[in-house]
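In my numbering, the protein residues as written are 6 to 1047. One structure below.
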Amino acid sequence: MVAPIYIIAAALGTAFTLGLLHKTGKTLPYVLMTLALGLMTFISLEWLLAFLIDGQKEEIIYTAGFKPPFSISLLMGKMEAVFISIVNTMAFLGSIYMARDLKNKGVNSMLIYLLLIMGLNVVIMTRDIFNLFVFLEVSSIATAGLLLIGGRKNAVSAGLKYLIATGTIAGFLLIGIIFFYYYAGSLSLDDIIASKESWISVGNIALLLVLLSVILELKPFPANGWALDVYQGANPGIGAIISASSATAMVYVLYKMMPLASEAWNYVIIGIGLLSFVASNIAGIKQTNAQRLLGYSSVGQIGLAVAIVGMHQWLGSGLMTILLAMLASHFLAKAGLFWLAGIVNKETTKEWGILRNKPVLLFLMGTFIFALLGFPPFPSFFGKWELIMSLSDLGQYGIVSLILIGSLFEAVYMLRWLGYAIKEDKEEAVNFSIHWEKFLPVGIVATALYAAGYFFGWKSGYSDWYKYMPLAFAAALFLLDFLPVYVKNSITLLGMGWYFFEMYTQYTGLKFVFFIIFIGGGLLIFLAGYYKKGKRVGFYPLAILMYAGLALMLEASNMLEFFFAWEIMTAGSYFLIIRGKKSMTHALNYALFSIGGAFLILAGFGITQAGKDGLSLELLYQVGSMSPYVFILLAIGFMTKTASMGLHIWLPGAHAEAETDVSPMVSAVLLKAGVYGLIITMISLGNQFIGGINIQVVLAWIGVLTALMGNMMAAFQEDAKRLLAYSSIGQLGYVLFGLALMSHLGWLTAISVAINHFLFKAMLFLAIGGVVLRTKTKYMYQMGGLIKKMPITFIVVLIGIITLSGVPPLSGFAGKWLFYNAILEKGWYLQGAVLFFAGVIAFLYCFRLIHTIFLGQLKDEHRKVKEAPFWLLLPQILVIVGIMVLSAFPNSILKPLGEVLYSYFPEGALSWNDQLANSIYGYWDGKMVLYVVVAIFASVFLWALIVTRKSQKVKQFNIVYAAERPFRPETTHFAYNFFAPFKKALGFLVYPGITNFWNRVGQSTMAGADALRKIYNGNGQAYVLHIVLFFIVVYFITAGGF
6 MVAPIYIIAA ALGTAFTLGL LHKTGKTLPY VLMTLALGLM TFISLEWLLA FLIDGQKEEI
66 IYTAGFKPPF SISLLMGKME AVFISIVNTM AFLGSIYMAR DLKNKGVNSM LIYLLLIMGL
126 NVVIMTRDIF NLFVFLEVSS IATAGLLLIG GRKNAVSAGL KYLIATGTIA GFLLIGIIFF
186 YYYAGSLSLD DIIASKESWI SVGNIALLLV LLSVILELKP FPANGWALDV YQGANPGIGA
246 IISASSATAM VYVLYKMMPL ASEAWNYVII GIGLLSFVAS NIAGIKQTNA QRLLGYSSVG
306 QIGLAVAIVG MHQWLGSGLM TILLAMLASH FLAKAGLFWL AGIVNKETTK EWGILRNKPV
366 LLFLMGTFIF ALLGFPPFPS FFGKWELIMS LSDLGQYGIV SLILIGSLFE AVYMLRWLGY
426 AIKEDKEEAV NFSIHWEKFL PVGIVATALY AAGYFFGWKS GYSDWYKYMP LAFAAALFLL
486 DFLPVYVKNS ITLLGMGWYF FEMYTQYTGL KFVFFIIFIG GGLLIFLAGY YKKGKRVGFY
546 PLAILMYAGL ALMLEASNML EFFFAWEIMT AGSYFLIIRG KKSMTHALNY ALFSIGGAFL
606 ILAGFGITQA GKDGLSLELL YQVGSMSPYV FILLAIGFMT KTASMGLHIW LPGAHAEAET
666 DVSPMVSAVL LKAGVYGLII TMISLGNQFI GGINIQVVLA WIGVLTALMG NMMAAFQEDA
726 KRLLAYSSIG QLGYVLFGLA LMSHLGWLTA ISVAINHFLF KAMLFLAIGG VVLRTKTKYM
786 YQMGGLIKKM PITFIVVLIG IITLSGVPPL SGFAGKWLFY NAILEKGWYL QGAVLFFAGV
846 IAFLYCFRLI HTIFLGQLKD EHRKVKEAPF WLLLPQILVI VGIMVLSAFP NSILKPLGEV
906 LYSYFPEGAL SWNDQLANSI YGYWDGKMVL YVVVAIFASV FLWALIVTRK SQKVKQFNIV
966 YAAERPFRPE TTHFAYNFFA PFKKALGFLV YPGITNFWNR VGQSTMAGAD ALRKIYNGNG
1026 QAYVLHIVLF FIVVYFITAG GF
């Protein structure tokens, strides 16, 4: 193998050679520089592979042929090979990306770039602390030089501040090194560590100066204003190197310094890292400059890495796996985003809408952002999982909370930025050219992210190839995105159909029910996809991503697999929601609530596995004294998906603004994921009490109030899709209440309502979607009289609202009858009274929906309206068939469900005699009720036809003959503010207090972010003061106080 010393020799030799080539043009020096970087990368990767594959032993290299103190010692160990491979690979890719910039700036820029990378290699390998100081200075001066000749706005001032700040830090470092030499008698890091016992009692000041100098090179809050100016002012290629290579190298320097520190110092370093992580991500929320935003994220991510290094004694052998997983996502994704910033070449995040004409770049941006946020299948997902599990095992729940809170803040500004790129209306998506040398490194790091994700998944135990098959299917659809809709829709149906018939025999009990809803429901709704024309770019990969998460969730046998699937589902559904015309804000709200809920689930899983072996979901049965807390965390996490009261504000807009066939996917299918999670939680943990309070009673009241609030809000909506959205909130309230009953009848009610909700909400959203498609409006008061223009849709909506409102003879009545029995059995009469009052309100919005759209007078602009497209109608008709079958033969589903639930709740089960259901409170025969109602309806309908056969039809202006004067034709159909008297009487119940609460939370967070940013005033002297104060404050903390 090539000796590691040749890494330094190649850089120095090439740098000296470049100094002689000023007059040879630009290409030759650039080729030599790139070859040198390629050689450095080759040597480092060769050593890395030797360590990983051949079991290579670490090697110490002495310069000048002597041993210390007469030479400098460099260590090439496994970790050194890892980190120099990262630095050199990113530098090599960066040289390709900056080819034009480096050539334009001339030989000097290439020379300085080489010196920067050489310096970073030495600080990683060196075991001499004075040598560390020297090459840190070399790297700092080289970085400043690249900034000063970068030619970008604010680059010169940023470079000067960088020199001042790093010079100040270097001064403190040098003083610390002098103290160490005085106390330990050596500059060798190994000698100083070996003699720790002799100097530890007197060498605190040396330790303080050296450790804090290294930490300050990592730009901790609040002594990092100079670094943020650098990120903003630097050429994006240089910003990528600073964030990806320099920061990564310094993390390793801190790691190898940790043997010097005492246990008390570990807590200080953890505190500094967590403070930087949380505060930087809060401050980033107000940022609009793209590169400065990446600076905040970089400072935050490296702060978390610093905290992880400080936890080295806690994490033990798992430290490096966690650290490298987090760093891999950071340096790959951050480099990719900086490089994308150079391609886009726009200053503010709102201007990134130009990526809309470049779907590949938009995909890459999404990849990088979701990698930074810790979504699967990226390395940071597995790193964060291992970190949270390890900390939970140690009982460090406060640190877990800070990590998850900081991660949520980062999601705010990262997903807002992505939303601007996807949907911002103010930015025209103009075409722009991309040079191959700029695109190639971006594509490579994105590919590396997926490969690294698989590697770290394997390290964490998530390695079975078949678990990635649904994701591979989504990736294949992305590659086929150039095909027309009908081809991609057919491929999607074939793929999901194959999976359905392959897997449906594998599931039993409640899993089978949700398999039918998730996968069978997906197949049903995808039939509607044929109504679209064109290519529908991006839709099918994202839809499959959501369904892949749902499928994997059912297959999950342990907590890691479940959480992996949950996050995949969230990512796919976010992208589906944001496709809507005005969905940017609603998609962001959905994502933030979903991520917050996911973090609660992660925290609950962490507590569950603490002190136990393995990650099986069966561990939920063995939580012990922490059961109430786990129950609360999991329940709230899953309730974010079911949009329970207080957590519902994302849902109305997300449903209303989504595409025609996305709304039923989200409402009819996606919401049931939360129901599935609640079922797992309640089965595993059972009834829980905290402080003498029965948590199930609290959940029951939340369910009741959710149903009441959802139904009331639905009754007062003017937007038909928004009405259905609030209706979904109400229906999921019924489900939550039924589950909270914790009885056989209660769960039978909840699951039957969930099944019915899946059926009628898929049907109603598709039907109303067809109406919106034909009339070009969602507002009901702008419709009317469509019964003759869209008769099939009218029948569908009629059947849908009958099912929804629980009127016999359709299947919705089964849920209502079961509710009566379950409430009587439990004795929760007050909750039952409120719940049935909510049911009365549901009838109001059902009536309004069909009256305002289909009855009354037809608007002039709708006289040429046609029935909805066939492919939208087909799944609606299939659902009607299903509803009729369930209505006529209720035991076909309720009886098997009862048998499944018997194992959990043996008391209170129904007894069946054919279609006759018996409980201790009464009986019900679904088939007989259907026959009787149909017979009565048919008789009355025929009689009405006979009696009114000669009646005159009322037309639009008949009222004129009665001496009435309409203001305009549209006002002859009363639809606007339909329930004004009810709103006047009960409107206080739907005052948007919860929405206002979350708005105030958002405003307070923004105000906090703004306050934090005020310490960064752009003054270099102030930044030096921050550094000095940082030393002083930490000194007093480590000394025991002020």
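Each residue gets a CB set at the ideal place from its N, CA and C atoms; glycine is no exception. None of these values were measured; they are calculated from a predicted model.
Inter-residue spacing [alpha-carbon to alpha-carbon] between residue i and residue j
i, j, result
"L328", "G300", "20 Å"
"G992", "S810", "22 Å"
"K871", "R779", "7 Å"
"G539", "M130", "56 Å"
"Y739", "V802", "21 Å"
"G24", "F1041", "48 Å"
"L879", "L771", "10 Å"
"W655", "G424", "15 Å"
"L829", "R727", "33 Å"
"V235", "G341", "18 Å"
"I999", "I600", "19 Å"
"K194", "D133", "The sequence as given places Leu at residue 194; Lys does not occur at that position. Each residue's alpha carbon lies about 6 Å from the other."
"L151", "G176", "22 Å"
"F505", "G525", "7 Å"
"F442", "A561", "For the record, residue 442 in the displayed sequence is Glu; it is not Phe. Computed Cα separation, rounded: 42 Å."
Per-residue burial, residue i [other beta carbons within 10 Å of its own, 16 or more giving buried]
i, result
"I695", "exposed"
"L947", "exposed"
"N1022", "exposed"
"V304", "buried"
"S816", "buried"
"V709", "buried"
"D666", "buried"
"N1004", "exposed"
"G466", "exposed"
"K794", "buried"
"K1019", "exposed"
"V945", "exposed"
"G405", "The sequence given here has Val at residue 405, not Gly. It counts as buried."
"L891", "buried"
Segment limits, beta strand (DSSP E) that includes residue i
i, result
"N918", "916–918"
"G927", "927–930"
"A922", "921–924"
"I65", "64–67"
Delimiting residues of the alpha helix (DSSP H) encompassing residue i
i, result
"M81", "Not the alpha helix (DSSP H): M81 falls in the beta strand (DSSP E), residues 78–81."
"V447", "441–465"
"S281", "268–289"
"F383", "No alpha helix (DSSP H) contains F383, which DSSP labels as neither H nor E."
"H749", "749–780"
Neighbourhood of residue i by C-beta, 6 Å cutoff - its chain only, sequence neighbours within 5 removed
i, result
"W319", "L399"
"K537", "V490"
"G82", "E63"
"V995", "M717, M718"
"A1048", "Only positions 6 to 1047 of the chain appear in this structure, which leaves residue 1048 out of reach."
Residues near residue i in its chain [Cβ-Cβ closer than 8 Å; skip 5 each side]
i, result
"G697", "none"
"V939", "P814"
"P911", "H749"
Beta-carbon proximity list for residue i, same chain, < 7 Å, skipping 5 on both sides
i, result
"G462", "P382, F387, S468"
"L119", "A16, T19, A20, M38, A41"
- Any alpha helix (DSSP H) of 4 or more consecutive residues that is wholly inside the stretch 598–683: 632–647, 656–662
- Secondary structure, alpha helix (DSSP H): runs of 4+ residues fully inside the stretch 993–1045: 998–1018, 1025–1044
- Query: Which runs of the alpha helix (DSSP H), 4 residues or longer, sit entirely within the stretch 293–323?
  - Reply: Here the runs fully enclosed are 295–315, 317–320.
- If you scan the stretch 542–590 from start to end, which runs of the alpha helix (DSSP H) of 4 or more residues do you find wholly inside it? 544–560, 564–583
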